[in-house]
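**Student:** Numbering (numbering that gives the first Met the number 0), first residue to last: 0 to 303. Input: one structure, supplied below.
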Amino acid sequence: MNYQQVIESVFEAVAKENLRGKLADYIPELARVNHELFGVCLVDRQGNTYQYGDSQTAFSIQSISKAHTLTMVYSDLAADLWKRVNVEPSGNPFNNLAQLEYENGIPRNPFINSGALVTTDALMSMHAEPKEAIHQFIKGMTGGEDVSANKAVQESELECADRNRAVAHLLKSYNNLHNDVEELMEVYTYHCALEMNCEQLAKSFLYLANHGHCIYTNRQVLDRGLTKRINALMLTCGFYDEAGEFAFKVGLAGKSGVGGGVIAVLPGEFSIAVYSPELNEKGNPVKALRFLELLTTDMGISLF
Ligand code: GLN
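What follows is the structure in structure tokens.
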């Protein structure tokens, strides 16, 4: 398959549709980006990159970082993590509180905010310098790229993180959070505010397409079994209350963020990052989802 040709033709088809959404503005700093940006980068298992559009523009990875931190924690904790976080789709918005209360402080999955707060809490207990550990992890996974967090975005989120603070306190009341809530907020907003471009993002998840092996560090990040599980979780839980629709329309393992990025993985073949900042009402990037829908449905590239 000529991936370059394929991504260019799908990209042009989506660009013509003039699909619109809305920039995330509950973190005010995120509403300052150019709403027209649209980029894509596919990396195959050999590390060949195929890119088009604004693929070199860095953006806020937001919730996509939940998959990075999960990987870091999972490689050490494995099964123990699932005592603290469940593996079921939530069917609810990413920042939902009620479900956590009904389910006795065990988040539905690691890709909604409550689950990611538990994962970040576990990561803080594993590393004396958690922010630096995340930084080094991503640096290795992108082949040495020095990605950093956008301070203004992080501060903007910290200023309006009342809901995430509420989730964290609720977790603490159920004894499912061990670190200080403000310190947790600092680390959580740090990884959400990391900025990467499509090429860096696609590279950082190539290990999921490569049975857990990272070609940049030449390291087995997760064994095959754990890699399968992360891919399965991304397929079933990566898009909040739109996860079913993503599986239905796209059929890849994936994860979105309110910064406009989506990462998707076809195990055994490639990882692909797509960026378009305007979001639908579920908080998922409109053009990026449409791109992946056409890529998989019209081009026949999918898990199924
Ligand atoms: N930092 C954002 C939050 O916690 C991430 C949400 C997202 O990308 N869905 O609200």
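Beta carbons: idealized from backbone N, C-alpha and C, even for Gly.
(1) Per DSSP, what kind of secondary structure is Thr68 in: helix, strand or coil?
(2) Any beta-carbon of chain C closer than 8 Å to the one on Asn230?
(3) Can you list, in chain order, every residue whose CB sits closer than 6 Å to a heavy atom of the ligand GLN?
(4) Give the C-beta separation of Asn112 and Asn163 to the nearest angstrom, bearing in mind that I take them to be a contact with Cβ-Cβ under 8 Å.
(5) Where do the N-terminal and C-terminal ends of the alpha helix (DSSP H) with Phe269 fall, by residue?
(6) Note down the Cα distance separating Ser301 from Arg107, rounded to an integer number of angstroms.
(7) Excluding the five sequence neighbours on either side, which residues of its own chain have a C-beta within less than 7 Å of the C-beta of Pro129, listed in chain order?
(8) Any idea what DSSP makes of His126, helix, strand or coil?
(9) Of the residues Gly20, Ala167, Met0, which one's Cα is nearest the Cα of Asp179?
(10) Leaving out five residues on either side along the sequence, give the residues of the same chain with a beta carbon under 6 Å from the beta carbon of Ala263.
(11) How about Val285 and Asn279: do their beta carbons lie closer than 8 Å?
(12) I need the straight-line Cα distance from Val72 to Thr118, nearest angstrom please.
(13) Per DSSP, which residues does Pro173 bridge with? Please list them.
(14) Can you find the residues in the same chain that come closer than 6 Å, C-beta to C-beta, to Phe238, ignoring five residues on each side of it along the sequence?
(15) Use the C-beta contact count for Arg83: other C-beta atoms within 10 angstroms, 16 or more gives buried, fewer gives exposed.
(16) Thinking C-alpha only, which one of Cys236, Leu176, Leu221, His210 is nearest Gln45?
(17) Apart from the five residues just before and just after Val42, which ones in its own chain have a Cβ nearer than 7 Å to its Cβ?
(18) Quick check: Val152 and Ala192, are their CB atoms within less than 8 Å of each other?
(19) At 3 residues or longer, and completely inside the segment 74-119: list those beta strand (DSSP E) runs for me, N to C.
(20) Based on Cα-Cα distance, which residue from Ser54, Thr70, Thr226, Asn217 lies nearest to Ala208?
(21) Can you check which of these residues, Met233, Ser62, Cys236, is closest to Gly258 by C-alpha distance?
(22) Lys286 by DSSP, collapsed to three states: which one?
(23) Quick check on Thr61: does DSSP put it in helix, strand or coil?
(24) Over the uninterrupted beta strand (DSSP E) stretch that includes Val39, give me the two end residues.
(25) Could you pull the DSSP bridge partners for Ala252 from this structure?
(26) Starting from Arg31, follow its DSSP beta bridges and name the residues at the other end.
(27) So which of Leu18, Leu221, Met298, Lys138 has the shortest CA-CA distance to His190?
(28) Inspect the beta-carbon positions of Cys236 and Pro88 and report whether they are closer than 8 Å.
(29) Give the DSSP bridge partners of Leu193, in chain order.
**Tutor:** In terms of the structure at hand:
(1) By 1-based counting over the sequence shown, the position of residue 68 is 69. If DSSP states are grouped into helix, strand and coil, Thr68 belongs with the helices.
(2) No chain C is present in this structure, which holds just one protein chain.
(3) Gln61, Ser62, Phe93, Asn94, Asn112, Glu156, Asn163, Cys191, Gly256, Val257, Gly282
(4) As a working note, residue 112 is residue 113 in the sequence shown. As a working note, residue 163 is residue 164 in the sequence shown. Yes, they are in contact, since the Cβ atoms of Asn112 and Asn163 sit about 6 Å apart, within 8 Å.
(5) Indexing the sequence shown from 1 puts residue 269 at position 270. From DSSP, Phe269 is part of no alpha helix (DSSP H) but of the beta strand (DSSP E) over 269-274.
(6) Along the sequence shown, one-based indexing puts residue 301 at 302. Along the sequence shown, one-based indexing puts residue 107 at 108. Those two C-alpha atoms are separated by around 26 Å.
(7) In the sequence shown, counting from the first residue as 1, residue 129 sits at position 130. Closer than 7 Å at Cβ, skipping near neighbours: Leu122, Met123, Val186.
(8) For the purposes of this step, residue 126 is taken as the residue at position 127 of the sequence shown. Note: His126 maps to coil in three-state DSSP.
(9) Counted from its first residue, the sequence shown places residue 179 at position 180. Ranking the options by Cα distance to Asp179, first place goes to Ala167.
(10) If you number the sequence shown from 1, residue 263 lands on position 264. Contacts found: Leu251, Gly253, Ile271, Leu291.
(11) Taking the sequence shown and counting its residues from 1, one reaches residue 285 at position 286. Taking the sequence shown and counting its residues from 1, one reaches residue 279 at position 280. Yes; because the gap between Cβ atoms is below 8 Å, this pair is in contact.
(12) Locating residue 72 in the sequence shown gives position 73, counting from the first residue. Locating residue 118 in the sequence shown gives position 119, counting from the first residue. Cα to Cα, Val72 sits roughly 7 Å from Thr118.
(13) The sequence position of residue 173 within the sequence shown is 174, counting from 1. At residue 173 the sequence reads Tyr, which differs from the Pro that was named. Looking at the DSSP assignment, Tyr173 forms no beta bridge with any residue, so it has no partner.
(14) Within the sequence shown, numbered from 1, the residue matching residue 238 stands at position 239. Same-chain partners within the cutoff: Phe245, Ser255, Asn283.
(15) If you number the sequence shown from 1, residue 83 lands on position 84. A buried status is given to Arg83, since no fewer than 16 other beta-carbon atoms sit within 10 Å of its beta-carbon.
(16) As a working mapping, residue 45 is identified with position 46 in the sequence shown. Considering only alpha carbons, the answer is His210.
(17) For the purposes of this step, residue 42 is taken as the residue at position 43 of the sequence shown. The answer, listed in chain order, is Thr48, Ala201, Lys202, Leu205, Phe269, Ser270.
(18) By one-based count along the sequence shown, residue 152 stands at place 153. By one-based count along the sequence shown, residue 192 stands at place 193. Result yes, Cβ atoms of Val152 and Ala192 sit closer than 8 Å.
(19) none
(20) As a first step, residue 208 is located in the sequence shown; it is residue number 209 there, counting from the start. The residue with the shortest Cα to Cα distance from Ala208 is Thr226.
(21) If you number the sequence shown from 1, residue 258 lands on position 259. Of the listed residues, the one whose Cα sits closest to Gly258 is Ser62.
(22) Working through the sequence shown from its first residue, we reach residue 286 at position 287. Secondary structure at Lys286: helix, using DSSP grouped into helix, strand and coil.
(23) By 1-based counting over the sequence shown, the position of residue 61 is 62. Note that residue 61 is Gln in the sequence shown here, rather than Thr. Residue state, collapsed to three classes: helix.
(24) Position 40 of the sequence shown, counting from 1, holds the residue named residue 39. Here the beta strand (DSSP E) through Val39 covers 38-43.
(25) Here residue 252 is taken as the residue at index 253 of the sequence shown, counted from 1. According to DSSP, which records beta bridges pairwise, Ala252 is partnered with Val264.
(26) In the sequence shown, counting from the first residue as 1, residue 31 sits at position 32. Looking at the DSSP assignment, Arg31 forms no beta bridge with any residue, so it has no partner.
(27) The residue given as residue 190 occupies position 191 in the sequence shown. Measuring from the Cα of His190, the nearest candidate turns out to be Lys138.
(28) Within the sequence shown, residue 236 is the residue found at index 237, counting from 1. Within the sequence shown, residue 88 is the residue found at index 89, counting from 1. Closer than 8 Å, so yes.
(29) The residue given as residue 193 occupies position 194 in the sequence shown. Paired residues: Ala148.
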